[in-house]
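Step one of this worksheet: look at the structure below.
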Amino acid sequence: MQKGIIGKKIGMTQIFDEKGNVVPVTVIEAGPCVVTQKKTVENDGYDAVQLGYGDQKANRVTKPLKGHFDKGDVAPKKKLQEFRFADISGMNVGDLVKADVFAAGDKVDVQGTSKGKGYAGAIKRWNQHRLRESHGTGPVARHAGSNGPVSDPSRVFKGKRLPGHLGAEKVTVQNLTVVKVDAENNLIAIKGAVPGPNGGYVVIHDSVKA
Numbered sequence: 001m002q003k004g005i006i007g008k009k010i011g012m013t014q015i016f017d018e019k020g021n022v023v024p025v026t027v028i029e030a031g032p033c034v035v036t037q038k039k040t041v042e043n044d045g046y047d048a049v050q051l052g053y054g055d056q057k058a059n060r061v062t063k064p065l066k067g068h069f070d071k072g073d074v075a076p077k078k079k080l081q082e083f084r085f086a087d088i089s090g091m092n093v094g095d096l097v098k099a100d101v102f103a104a105g106d107k108v109d110v111q112g113t114s115k116g117k118g119y120a121g122a123i124k125r126w127n128q129h130r131l132r133e134s135h136g137t138g139p140v141a142r143h144a145g146s147n148g149p150v151s152d153p154s155r156v157f158k159g160k161r162l163p164g165h166l167g168a169e170k171v172t173v174q175n176l177t178v179v180k181v182d183a184e185n186n187l188i189a190i191k192g193a194v195p196g197p198n199g200g201y202v203v204i205h206d207s208v209k210a
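The numbers in the sequence shown follow full-length UniProt numbering, run straight up by one, and end at 210.
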């Protein structure tokens, strides 16, 4: 990983490229982030930096976190994220990371928390088919149907796709393209959709598959 930043999803819109084509984009308020901690091989066994995003009131953080911020002499932050960059020699606690670390044309991965859907049935959660709605099915057309073997092995296999909690989990969308960067207003426009609701936190870093 060479570069990364924390941001907040603003919403989706569309912009036009130089050929007049419509490009659907998600606008993200990326940074400014501050380096709140620096980890090294000598002290921690690996190289990494911890970035903080969004100012937080001092009385809204726990005592351990307050001590963590005081140790680095930085203001309390709402969101913390650790990045294992390939080279952190030029980064120190207190440094700012802004949206201009990315440029138009960069390939990035965006990680966020998907929208929570609550308890969902097998059709909505796993895209399963409805049952027959002819004779003998009864009022269970959207039920999951048979769960598997009866006498042998007399159990439901692990991983069986059943109704349950849908959404509200960490999701990464890979290989998206940065369309435009507004460094003055800390905005990044990324082609396509990214996980989570408007106002949700996202983490952007260079693509692992590009």
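All C-beta atoms in this analysis are idealised placements derived from N, C-alpha and C, irrespective of residue type, glycine included.
{"Check": "Using the beta-carbon count (16 or more within 10 Å), is residue 16 buried or exposed?", "Outcome": "exposed"}
{"Check": "Smallest Cα separation from residue 173: which of 131, 203 and 53?", "Outcome": "203"}
{"Check": "Quick one: using the 10 Å Cβ neighbour count with 16 as the cut-off for buried, is residue 64 buried or exposed?", "Outcome": "exposed"}
{"Check": "Return the Cβ separation of residue 38 and residue 97 in integer angstroms, given the expectation that the two are a contact with Cβ distance under 8 Å.", "Outcome": "With 8 Å as the limit, residue 38 and residue 97 do not qualify as a contact, their Cβ atoms being about 13 Å apart."}
{"Check": "Residue ranges of each beta strand (DSSP E) run of no fewer than 3 residues wholly in the region 59 to 94, ordered along the chain?", "Outcome": "77 to 83"}
{"Check": "Between which residues of its own chain and residue 141 is the CB-CB distance below 7 Å, once the five residues before and five after are set aside?", "Outcome": "130, 131 and 133"}
{"Check": "For my contact list, residue 156 and residue 106 are in at a C-beta cut-off of 8 Å; report their separation, rounded to the angstrom.", "Outcome": "45 Å between Cβ atoms; not a contact."}
{"Check": "Reducing DSSP to helix, strand and coil, say where residue 107 ends up.", "Outcome": "strand"}
{"Check": "Would you call the CB atoms of residue 53 and residue 19 closer than 8 Å?", "Outcome": "no"}
{"Check": "With the cut-off set at 8 Å, would you say residue 36 and residue 51 are in Cβ contact?", "Outcome": "yes"}
{"Check": "What does the Cβ neighbour count give for residue 162, buried or exposed, with the cut at 16 atoms within 10 Å?", "Outcome": "exposed"}
{"Check": "With a 10 Å radius around its C-beta and 16 neighbouring C-beta atoms as the bar for buried, classify residue 184 as buried or exposed.", "Outcome": "exposed"}
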